[in-house]
């Protein structure tokens, strides 16, 4: 009987020691991850310098193109209307948005040192999410501006006055700040163990979820809720606005008026399709369905392609902007 009791105690002690060692190993693995490694495009090592050149060229185009839009709308008083007021804010937002991710990516491609600290990763993600949400809201505001201008042209100066425009822009900039700070805190409160390699070129939510230990269901649900609020709802509002706009345009008696209205709206719709399309596909997929290669390609659309084509779309398809640009050029 005594032998059996001793045997039971030994087994219980061994089980306790095993559990304690596992907990210590888990704690040590969580605390040792103080930095991540952004793998980026390491799977294509022979194209590193080529990609560096492409992304550097894209970054210069984004800075110059959006900077020119800001400059010409400030110089020409004829362009100081609500539509161009929103466009200036959108261009400034694009400059800030790309500066969160591209410079770090260029440094990684140049030095091949891809480490990023935990705090730097959290900061990058937080600003990226805030500015991305701001872009969604601002695109919805721009759609509302076009809706009022085309569907209620007589009331347009009254509805879209200076105070209302300022309030809409301010609301777009500050609404997402507390939500995305909270979401970033929640994500980085997760325990990260095992690999510290992020299979992406910046700190984004889907690749970080893959490194998290334990159950991330609650975190994924909170991400989906935020995506619905800041991505899906603005997108549906934009679609609804343009449904009304198209209906109004088709009833215009003059073919010239219809062509001008379509030209103005098509520029904005092109940007919306590129940005929202890639964003919705990326963030609405469950964790198990994410593919690292596909996620990287999709994220290039909303981090580089859309900001690069924004100034091209809004200048080449806008006669007023092109006329002002010709005046400035010698």
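In this note's numbering, the protein residues as written are 444 to 773. Ideal Cβ positions, reconstructed from N, Cα and C, are used throughout, including at glycine. Since this is a predicted model, take the numbers as computed values, not measurements.
Assuming residue i and residue j form a contact by the criterion Cβ under 8 Å, report the distance between their Cβ atoms to the nearest whole angstrom.
| i | j | result |
| --- | --- | --- |
| residue 567 | residue 543 | 6 Å |
| residue 480 | residue 557 | 5 Å |
| residue 627 | residue 569 | 4 Å |
| residue 581 | residue 615 | 5 Å |
Express the C-alpha separation of residue j and residue i in angstroms, rounding to a whole number.
| i | j | result |
| --- | --- | --- |
| residue 494 | residue 483 | 11 Å |
| residue 485 | residue 491 | 8 Å |
| residue 551 | residue 633 | 26 Å |
| residue 617 | residue 672 | 14 Å |
| residue 600 | residue 527 | 14 Å |
| residue 754 | residue 523 | 17 Å |
| residue 507 | residue 637 | 42 Å |
| residue 587 | residue 679 | 12 Å |
| residue 530 | residue 688 | 19 Å |
| residue 642 | residue 554 | 18 Å |
| residue 650 | residue 517 | 41 Å |
| residue 606 | residue 578 | 20 Å |
| residue 565 | residue 696 | 54 Å |
| residue 710 | residue 765 | 14 Å |
| residue 598 | residue 702 | 22 Å |
| residue 473 | residue 744 | For residue 473, the predicted model reports a pLDDT of 44, less than 50, meaning its position is unreliable and no value from the coordinates is stated. |
| residue 591 | residue 477 | 51 Å |
| residue 768 | residue 652 | 46 Å |
The beta strand (DSSP E) spanning residue i covers which residue range?
| i | result |
| --- | --- |
| residue 558 | 558-560 |
| residue 748 | Note, residue 748: premise wrong, no beta strand (DSSP E); not H, not E. |
If you follow the alpha helix (DSSP H) that residue i is in, where does it begin and where does it stop?
| i | result |
| --- | --- |
| residue 518 | 491-518 |
| residue 529 | 525-554 |
Indicate whether residue i and residue j have their beta-carbon atoms separated by less than 8 Å.
| i | j | result |
| --- | --- | --- |
| residue 738 | residue 746 | no |
| residue 395 | residue 534 | Nothing about residue 395 can be reported from this structure: the residues present for the chain run from 444 to 773 only. |
| residue 501 | residue 751 | yes |
| residue 645 | residue 705 | no |
| residue 573 | residue 623 | yes |
| residue 593 | residue 713 | no |
(message) I'd like the ranges of any beta strand (DSSP E) spanning at least 3 consecutive residues and lying wholly in the segment 626-706.
(response) Here no run is fully enclosed.
(message) For a minimum of 3 consecutive residues, which ranges assigned as the beta strand (DSSP E) are wholly contained in the segment 558-617?
(response) Those beta strand (DSSP E) runs which fall completely within the segment 558-617 and span 3+ residues are 558-560.
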